[in-house]
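Counting in my numbering, the sequence shown runs from 2 upward without gaps. Virtual Cβ for every residue (Gly too), placed ideally from N, Cα, C. Remember, predicted model here, so these are calculated numbers, not experimental data. Just below is one structure, and these are the notes that go with it.
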Amino acid sequence: MAKVAFIGLGVMGYPMAGHLVRAGHQLCVYNRTATKAAQWLTEHAGSSAPTPREAAQGADFVMVCVGNDDDLRAVVLGADGAFAGMTPGAVLVDHTTASANVARELAQRAAELHLGFLDAPVSGGQAGAQNGVLTVMVGGEAQAYAQVEPVLQAYARMVRLMGAAGSGQLTKMVNQICIGGLVQGLSEALHFAQCAGLDGHGAMEVISKGAAQSWQLENRHKTMLDGEFDFGFAVDWMRKDLAILLEEARRNGAQLPVTALVDQFYADVQAMGGGRWDTSSLIARLQASKRA
């Protein structure tokens with residue numbers, strides 16, 4: 002069993018840290034809002050620290066799950082950052098969905114300090130974190146990955162090393178491209194069914210047994226038809242991810258016309274006041290356009 006620091010107790014990090022305790026690991030947690038860490042400690046064994054540096058002291062592994070590149074740098078670098086407290090040979094695992102550039106930057110700095118660094122964004126949403134069945138896409142050195150892979154199993158059903166530093170983030174971008182296109186397609190299908198006077202639930206049940214089947218169809222069509230959009234990853238966060246991947250596409254030359262269009266559709270949802278709705282809320286935009 003390992004000594005682990007977990008930095009960032011948001012909707013994903015909070016249950017992920019809990020799974021590590023249940024797996025038998027020794028946890029020290031840090032959260033920018035200290036009351037969140039205090040609440041976590043009422044539910045789980047472990048300790049908390051006032052800074053990322055102190056949380057990371059003596060840890061074999063430091064897990065980070067924060068909001069974006071700037072948040073990540075704030076908790077990892079500097080006098081109070083996690084790197085400052087880590088012992089040579091320890092490994093930092095970043096579960097933030099961030100840019101490939103910041104992953105490479107932090108990997109280089111970690112190497113200078115004789116630390117391991119893995120970019121390891123996750124997919125599966127809040128439900129996946131709570132149920133311990135996340136998919137973890139990892140970039141970094143094979144040796145560091147081999148050390149941490151058994152620990153990641155506490156909250157993952159799929160973990161894979163994708164390549165050098167940054168590869169985990171690039172794979173997460175592939176994931177978000179797929180989700181955006183699939184949700185827009187499902188939204189249009191449901192909207193069409195409603196406009197055609199079909200039973201939307203029945204139509205989805207039938208086509209789910211054929212080539213149109215997908216996780217989004219199986220898990221989101223009922224709530225989409227009911228106009229319920231409180232089931233996980235928020236539109237605001239999806240737009241953050243899409244901005245990162247569209248910038249990466251401009252650098253590598255990938256052509257993403259559908260993804261760019263879906264990004265603008267999510268901007269429309271934000272303008273409707275749906276920034277905190279989940280990503281399946283694209284259907285609300287279609288319904289609003291029809292009413293107008």
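Asked, Found
"For Q288, tell me which candidate among Q58, R251, Q144, C196 has the shortest Cα-Cα distance.", "C196"
"Identify which residue in M138, A101, L283, W41 has its Cα closest to the Cα of G181.", "L283"
"Closer than 7 Å by C-beta to A46: which residues in its own chain qualify, once you throw out the five before and the five after it? Chain order, please.", "V22"
"Taking M64 as part of the beta strand (DSSP E), name the residues at either end of that continuous run.", "62 to 65"
"Roughly how many whole angstroms lie between the Cα atoms of C29 and K241?", "29 Å"
"Would you mind working out which of T280, G25, A83 sits nearest P53, comparing C-alpha positions?", "A83"
"Given a cut-off of 8 Å on the beta-carbon distance, is the pair M163 and T172 in contact?", "yes"
"Ignore the nearest five residues each way along the sequence and tell me which others in L226's own chain have a CB closer than 7 Å to its CB.", "L191, G201, H202"
"Are there 16 or more other CB atoms within 10 angstroms of the CB of F62, so buried, or fewer, so exposed?", "buried"
"Just to confirm my understanding: we take L153, look at its own chain, exclude 5 residues before and 5 after, and list those with CB closer than 7 Å. What are they?", "V137, V160"
"Just to confirm before moving on: does the CB-CB distance between A255 and Q170 stay below 8 Å?", "no"
"Please classify A64 as buried or exposed, where buried requires at least 16 other C-beta atoms within 10 Å of its C-beta.", "The amino acid at residue 64 is misidentified as Ala; the sequence shows Met. It counts as buried."
"When the distance is taken between beta carbons, is D70 closer than 8 Å to V103?", "yes"
"Taking the C-alpha atoms as reference points, what is the distance between A111 and G117?", "6 Å"
"If you draw a straight line from the alpha carbon of A6 to that of Y31, how long is it in whole angstroms?", "8 Å"
"Using the Cα positions of R277 and V149, report the straight-line distance between them to the nearest angstrom.", "33 Å"
"H115 to S209, Cα distance in whole Å?", "50 Å"
"Give me, in chain order, the residues of the same chain whose beta-carbon lies closer than 6 Å to that of D269; leave out the 5 immediate sequence neighbours on both sides.", "R286"
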